[in-house]
Structure formats: structure tokens, C-alpha cells
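Here is the structure we will look at, set down as C-alpha cells.
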Amino acid sequence: MYYGALSKRLQELEIERYYSILLIINESNKKCTQQSVADTLKIDKASMVGVVDYLVKKGYLERLQNPEDRREYWLTLTPKATETIPLIQQHISELNKIALD
Numbered sequence: 006m007y008y009g010a011l012s013k014r015l016q017e018l019e020i021e022r023y024y025s026i027l028l029i030i031n032e033s034n035k036k037c038t039q040q041s042v043a044d045t046l047k048i049d050k051a052s053m054v055g056v057v058d059y060l061v062k063k064g065y066l067e068r069l070q071n072p073e074d075r076r077e078y079w080l081t082l083t084p085k086a087t088e089t090i091p092l093i094q095q096h097i098s099e100l101n102k103i104a105l106d
């Protein structure tokens, strides 16, 4: 119910339930790869590629090739995503307050 309510509040962003990926990348203290995010979320590589493709297409993520390892890509937030993070965090806080009060 929680994730459904959060997705409904964030539906204008048109990123379905993929806001968690933006939060993980935003809160990371190091460069995130597709594999590191997939490992954090416990999802398979193929699914992660599809999600990243979707978020790139929507303008929330960019892939940057690691110059030292051409097989690896770093994920970075676009300005659109950076502007969106506070809204996502606000709605999470509001739902947590409702759920825990």
C-alpha cells in the first residue's frame, strides 16, 4: 500500500516506481554503476538495463562510459533528476508521517 500511495503521489514525474534508483544514486558517496545499483536493489542485470534505459529516455539519468574500463558505465543524475529529488523526499516524509503517526 505504501509504495502504491507513493507512486500515486509521484505520478506526474512519469517514472513509475523507479524513484528509488534516483535516490540511491543521489545518496551515494561514489560513482554508481548499473551493476552497483542492481546489487543494492537485488535485481538482475537485464532488468536493470531496461530500467536505466527508461530513465535515460525520460531525461532523469545519463550513462557515462568509464574511460578506464569501456565495459562499465557510470550513472549520473541529470539536472531534471536533481530538481526532482527534493519532491520525492518530501512525499516520502509525508507518507512516513501518515504511516507512523
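Take the sequence shown: its letters are residues 6 to 106, numbered as in our numbering. Don't be surprised by glycine CBs; every beta carbon is placed ideally from N, CA and C. Keep in mind it's a predicted model, so treat the numbers as computed, not measured.
*asked:* On the CB-based measure, 16 or more other CB atoms within 10 Å of its CB, does Val56 come out buried or exposed?
replied: Around the CB of Val56, 16 or more other CB atoms lie within 10 Å, so the residue is classed as buried.
*Please say whether Val42 and Leu80 have beta carbons closer to each other than 9 Å?*
Yes, they are a contact pair.
*Measure the alpha-carbon distance for Glu77 versus Gln39 and round it to whole angstroms.*
Between Glu77 and Gln39, the C-alpha separation is close to 8 Å.
*In the DSSP assignment, find the alpha helix (DSSP H) that holds Gln39 and state where it starts and stops.*
Element bounds for Gln39: Gln39 to Leu46.
*Determine which residues share a DSSP beta bridge with Thr87 and list them.*
Partner(s): none; Thr87 has no beta bridge.
*asked:* If the criterion is Cβ atoms closer than 9 Å, does the pair Gln94 and Leu28 meet it?
replied: A contact, by the Cβ cut-off of 9 Å.
*For the candidate residues Asn34, Asp49 and Tyr59, whose alpha-carbon lies nearest to that of Tyr23?*
Nearest Cα to Tyr23 within the set Asn34, Asp49 and Tyr59: Tyr59.
*Residue range of the unbroken beta strand (DSSP E) whose run includes Asn71*: Per DSSP, Asn71 belongs to the beta strand (DSSP E) from Leu66 to Asn71.
*What's the call for Ala86, buried or exposed, on a 16-neighbour Cβ count within 10 Å?*
That one is buried.
*Asp74, DSSP secondary structure in three states*: The three-state secondary structure of Asp74, taken from DSSP, is strand.
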